[in-house]
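Residue numbers (our numbering), protein chains in the order written: chain U, 141 to 612; chain S, 7 to 354.
Just so you know, even glycine gets a beta-carbon here, dropped at the ideal spot from N, CA and C.
Here's the structure, in structure tokens; my notes come after.
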């Protein structure tokens, strides 16, 4: 009996230590990101005004092709395209790819912009479903609409890239709202370091609660939905902290599919976007790393915090859970597709650090930490663990998380200052503190659901219900 | 073990308390900063109003600016913004009034101190005020480390019509090890216009890296100086494909028939980017004698070359179009497709 108790106690201690270590590692990585991102933002000069940007960069800004995939976007397609046409950039074209919509998306665009069928020379360099037609109008020289058979987002992006003529392509989501100067801000690395830069990601922020009109965010704001507030903190942590830190270290593995610029030839050199994965955005960046590291050519994959794309965040747990599980599934699909990079010296720090981070942060830590939330308190109340273990676990898992969430909000306020007023700051501070008492734990569960979906080979995106943006 | 666990507990509490304290401080600071931002916006508005009044014929409006004079970088910002939209007599009136008021003298010290954004704005603003002192100050910046500042100073010097030693400027940039900005082209283009011989010599020299030679080759297209043709022809057979391609593109832009031989040779180059550049140059320069070579390039294994060859043929008038029509109905699948699409896209 005593032996059994001793064994149980030892098991509980080992489990607790594993959970504490996992939580410590998880938050330790976040802490590292916070320090690196803070240092990076401290050293950066404040972002120039749009007038300054235009004066300094407009003449050397390379042409950009915005690729906007559209599937059943009849209600918003015309407005979205109008807002894209109004972007402030010297030389760009918009390639809208109607990905086999079953509603009136194509008809809406044709009527709204007086489009006619045209012919356009293109090369089928990246694989895509057959293109049924191309439409343009002399009244809208920047707009091309491609109609094709349905093939999914990656397929639509490939079609758009095939038809694009510009040396830089911008991949975006149908519901992305770009700020008017977003392209000019995002293209800066391509101007300042044209020989090495192959991809640039911009910041993605939550549009819920903002004043929006004609496809543009006119007034930054915060949603009153607690779930959206929590996601706002999460997005800050993911982009302002996470992506910036990885970018500074040359280890960025993902550029958001909502808003990313790529050198068109580089994308074609790696075969375009891959089919058969819901993480096509991450998979493309990993292919780029693999390609350039194999060839031992200097290159850069960069995150720029200045250019902003606004996107609608899910407002219900069900839709959010589906989204997060899908993201996790996408990350794992990419990880296993390119698992030969893990700890492979051929791929340098990408293999040793970035890929190891995916293994740690997306698989091992969520599993151990979630186990810890169940087993550590249970073991304590069963008398198998001393209070020290419980306190240490809760401190590392929750308190440290509070420190990091509040820290990233402090970083946003100190260096970026996009929050509209003090009230927003206070609301988000409350969200940053409470995020770690339930929300992050549920997130870990969704990650595990994503792991399960990956293991059971689930496919597809699930129904992503969108409510549409509030109007200003 | 207990000690380690206690340490973790303490560390976590310390980090959380620190974050919360910093956040509390920032919230308080927000109130102060809102005031600073508001005052700055009002000062900018006052400066803009004063500038508008000056342009309307009231130069004394500047003397009423009061303590806003103490912020030359704000003045420089407002000036650059105004000059972005104003031309002609209004512009000259404003600049003259500001010069008489001594703005350029007050800007000079800010060229070498303060945040980099302010120094950049100062360097850009000084490009509006001719004078030996301003030129000397900008020239001194050319040897400084920050690439953006050097570029701004170079652009301002060019705006003032002051000469720049192209070779020294480019070598200094290389010596610092900074990435080569595409914005360099904005400096090289006017330099090539004013000093084509210097740029041509550098292009053929060996001491500059190939990316800079590419920029020089492209910049020479702005010179419109046919005297650089022999240099470009030589560059068109350089060892580096990117330099060859750039030289051919520039030969196309210069539209001189003497480039025919170099362009013809480029179309048989082993590198596809060179062949594509040569095909494009043939169309741009109107080299109708090269239609047979262009027709051959419609069968090139690389799509970009086929595309540029087809586009060139479409630009070469009746002869080129007739050739495209013949290819479009021909048996070679790739050539027929590219020819047909080109004709359809251009509605020929």
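Quiz item: Among U:367, U:383, U:305, which one has its Cα closest to the Cα of residue 408 of chain U?
Solution: The residue you call residue 408 of chain U lines up with position 268 of the first chain. Of the candidates U:367, U:383, U:305, the one whose C-alpha sits nearest the C-alpha of residue 408 of chain U is U:305.
Quiz prompt | Contact with chain S by residue 512 of chain U, beta-carbon distance below 7 angstroms | solution = Mapped onto the first chain, residue 512 of chain U falls at position 372. Not closer than 7 angstroms to any Cβ of chain S, the Cβ of residue 512 of chain U fails to qualify, so no.
Quiz prompt | Interface residues of the stretch 516-531 of chain U facing chain S [CB-CB below 8 angstroms] | solution = Listed by position, the residues of the stretch 516-531 of chain U near chain S (Cβ gap below 8 angstroms) are 526, 528, 529, 531.
Exercise. With DSSP collapsed to three states, give me the class of residue 291 of chain S.
Key: For this step, residue 291 of chain S is matched to residue 285 along the second chain. Per DSSP, reduced to three states, the secondary structure at residue 291 of chain S is coil, with no helix or strand assignment.
Practice problem: Would you mind listing the beta strand (DSSP E) stretches within the stretch 117-177 of chain S that are 3+ residues and don't spill past its ends, in chain order? | Solution: Secondary structure within the stretch 117-177 of chain S: not one fully enclosed beta strand (DSSP E) run of 3 or more consecutive residues is present.
Exercise. Return helix, strand or coil for residue 102 of chain S, following the three-state DSSP convention.
Key: The sequence position of residue 102 of chain S within the second chain is 96, counting from 1. Here residue 102 of chain S sits in helix by DSSP.
Quiz prompt | CB-CB length for residue 384 of chain U against residue 445 of chain U, believed under 8 angstroms | solution = To locate residue 384 of chain U, count along the first chain from 1; it is residue 244. To locate residue 445 of chain U, count along the first chain from 1; it is residue 305. Indeed, because the Cβ distance is near 6 angstroms, the residues count as touching under 8 angstroms.
Quiz item: Mind checking if residue 185 of chain S is an interface residue toward chain U, Cβ cutoff 7 angstroms exclusive?
Solution: Here the question's residue 185 of chain S lines up with position 179 in the second chain. At a cut-off of 7 angstroms, the C-beta of residue 185 of chain S has a neighbouring C-beta in chain U.
Exercise. Report the residue from U:262, U:291, U:257 whose alpha carbon sits nearest the alpha carbon of residue 285 of chain U.
Key: In the first chain, residue 285 of chain U corresponds to position 145, counting from 1. With distances taken between Cα atoms, residue 285 of chain U lies closest to U:257.
Quiz item: In chain S, which residues lie with their C-beta within 7 angstroms of the C-beta of residue 101 of chain U?
Solution: Residue 101 of chain U lies beyond the range of chain U shown here (141 to 612); nothing can be said about it.
Quiz item: Grouping DSSP H, G and I as helix and E and B as strand, with all else coil, what is residue 481 of chain U?
Solution: Mapped onto the first chain, residue 481 of chain U falls at position 341. Helix.
Exercise. For residue 422 of chain U, I'd like the list of residues in its chain whose CB is within less than 7 angstroms of its CB, leaving aside the five on either flank, ordered along the chain.
Key: In the first chain, counting from the first residue as 1, residue 422 of chain U sits at position 282. The answer, listed in chain order, is 393, 394, 470, 471, 474.
Quiz item: What is the rounded straight-line gap between the Cα of residue 167 of chain S and the Cα of residue 274 of chain S?
Solution: On the second chain, position 161 is the one that residue 167 of chain S refers to. On the second chain, position 268 is the one that residue 274 of chain S refers to. Here the C-alpha atom of residue 167 of chain S lies approximately 42 angstroms from the C-alpha atom of residue 274 of chain S.
Self-check item: Close-in-space but distant-in-sequence residues of the same chain around residue 283 of chain U (CB under 8 angstroms, 5 per side omitted)
Solution: Walking along the first chain from the start, residue 283 of chain U turns up at place 143. If we look at residue 283 of chain U and ignore the five residues flanking it on each side, its Cβ neighbours are 221, 225, 233, 234, 236, 253, 255, 276, 277.
Exercise. Specify, as a first and last residue, the run of the alpha helix (DSSP H) that residue 613 of chain U falls within.
Key: Within the shown structure, residues of chain U are numbered from 141 to 612, placing residue 613 of chain U beyond reach of any answer.
Quiz item: Hey, how far is the Cα of residue 611 of chain U from the Cα of residue 245 of chain S?
Solution: Indexing the first chain from 1 puts residue 611 of chain U at position 471. Indexing the second chain from 1 puts residue 245 of chain S at position 239. Its pLDDT being 45, under 50, residue 611 of chain U is placed unreliably by the model, and nothing is read from it.
Exercise. Scan the stretch 421-466 of chain U and note each continuous beta strand (DSSP E) run of 3 residues or more that stays entirely inside, going in chain order.
Key: The stretch 421-466 of chain U contains these whole beta strand (DSSP E) runs: 440-451.
Quiz item: Between residue 81 of chain S and the rest of its own chain, which residues show a CB-CB distance below 7 angstroms, the 5 nearest in sequence each way excluded?
Solution: Position 75 of the second chain, counted from the start, is the residue given in the question as residue 81 of chain S. Result list for residue 81 of chain S: 53, 109, in chain order.
Exercise. Just mark residue 580 of chain U as buried or exposed, buried being the case when its beta carbon has 16 or more other beta carbons within 10 Å.
Key: Along the first chain, read from residue 1 onward, the residue named residue 580 of chain U stands at position 440. Buried, because 16 or more other Cβ atoms sit within 10 Å of the Cβ of residue 580 of chain U.
Quiz item: Name the DSSP beta bridge partners of residue 312 of chain U, please?
Solution: Numbered from its first residue, the first chain carries residue 312 of chain U at position 172. Note: residue 312 of chain U sits in a beta bridge opposite U:399.
Practice problem: Tell me whether residue 203 of chain U sits in a helix, a strand or coil according to DSSP, three-state version. | Solution: As a working mapping, residue 203 of chain U is identified with position 63 in the first chain. Correct three-state label for residue 203 of chain U: coil.
Self-check item: Segment contact, 8 angstroms Cβ cut-off, at least three pairs: the stretch 116-135 of chain S with the stretch 183-195 of chain U
Solution: Contact holds: three or more Cβ-Cβ distances are below 8 angstroms.
Quiz item: What does residue 309 of chain S touch in chain U if you count any residue whose Cβ is under 8 angstroms from its own?
Solution: One-based indexing of the second chain puts residue 309 of chain S at position 303. What residue 309 of chain S touches in chain U: 263, 265.
Quiz item: If you check the beta carbons only, do residue 345 of chain U and residue 548 of chain U fall under 7 angstroms apart?
Solution: Mapped onto the first chain, residue 345 of chain U falls at position 205. Mapped onto the first chain, residue 548 of chain U falls at position 408. No; because the gap between Cβ atoms is not below 7 angstroms, this pair is not in contact.
Quiz prompt | Closest by C-alpha distance to residue 303 of chain U, when choosing among U:267, U:263, U:362, U:499 | solution = Along the first chain, read from residue 1 onward, the residue named residue 303 of chain U stands at position 163. The candidate whose alpha carbon is nearest that of residue 303 of chain U is U:263.
Quiz item: Considering only residues of the stretch 311-349 of chain S, which uninterrupted alpha helix (DSSP H) runs meet the minimum length of 4 residues and lie entirely inside it, listed in chain order?
Solution: Taking only runs of at least 4 residues, the alpha helix (DSSP H) segments lying wholly in the stretch 311-349 of chain S are 323-334.
Practice problem: Consult DSSP for residue 365 of chain U and reduce its assignment to one of helix, strand or coil. | Solution: For this step, residue 365 of chain U is matched to residue 225 along the first chain. In the structure shown, the three-state DSSP call for residue 365 of chain U is coil.
Quiz prompt | Cβ-Cβ distance between residue 185 of chain S and residue 199 of chain U below 7 angstroms | solution = By one-based count along the second chain, residue 185 of chain S stands at place 179. By one-based count along the first chain, residue 199 of chain U stands at place 59. It is not a contact, given that the beta carbons lie outside the stated cut-off.
Exercise. Spell out a yes or no on whether the stretch 451-463 of chain U and the stretch 518-532 of chain U are touching, meaning 3 or more CB-CB pairs, one atom from each, closer than 8 angstroms.
Key: Contact check between the stretch 451-463 of chain U and the stretch 518-532 of chain U: fewer than three CB pairs, one atom from each, fall below 8 angstroms, which does not count as touching.
Quiz prompt | Closest Cα partner of residue 173 of chain U within the set U:146, U:229, U:386 | solution = What you label residue 173 of chain U is simply residue 33 of the first chain in a count that begins at 1. Check the Cα spacing between residue 173 of chain U and each of U:146, U:229, U:386: the tightest is with U:386.
Exercise. Work out the CA separation of residue 381 of chain U and residue 499 of chain U for me, nearest whole Å.
Key: In the first chain, the residue the question calls residue 499 of chain U occupies position 359. In the first chain, the residue the question calls residue 381 of chain U occupies position 241. Using only the alpha carbons, I get a separation of about 20 angstroms.
Practice problem: Out of U:274, U:179, U:266, state which residue places its alpha-carbon closest to the alpha-carbon of residue 351 of chain S. | Solution: Numbered from its first residue, the second chain carries residue 351 of chain S at position 345. Cα-wise, what sits closest to residue 351 of chain S is U:274.
Quiz item: Nearest chain S C-beta to residue 612 of chain U closer than 7 angstroms, yes or no?
Solution: On the first chain, residue 612 of chain U is found 472 positions in, with the first residue counted as 1. Confidence in residue 612 of chain U is poor, its pLDDT being 45 and thus under 50, which makes the residue's placement unreliable; the coordinate value appears in the next sentence. For residue 612 of chain U, no CB of chain S lies under 7 angstroms from its own CB, so it is not counted at the interface with that chain.
Practice problem: Using a Cβ-Cβ cut-off of less than 8 angstroms, list which residues of the stretch 195-216 of chain U approach chain S; keep chain order. | Solution: Within the stretch 195-216 of chain U, the qualifying residues are 195, 196, 197, 199, 200, 202.
Self-check item: Between the CA atoms of residue 142 of chain S and residue 118 of chain S - distance to the nearest angstrom
Solution: Residue numbering aside, residue 118 of chain S sits at position 112 when the second chain is read from its first letter. Residue numbering aside, residue 142 of chain S sits at position 136 when the second chain is read from its first letter. The alpha-carbon of residue 118 of chain S is positioned some 13 angstroms away from that of residue 142 of chain S.
Exercise. Report yes or no: is there a C-beta of chain U within less than 7 angstroms of the C-beta of residue 221 of chain S?
Key: To locate residue 221 of chain S, count along the second chain from 1; it is residue 215. No, because no Cβ of chain U sits closer than 7 angstroms to the Cβ of residue 221 of chain S.
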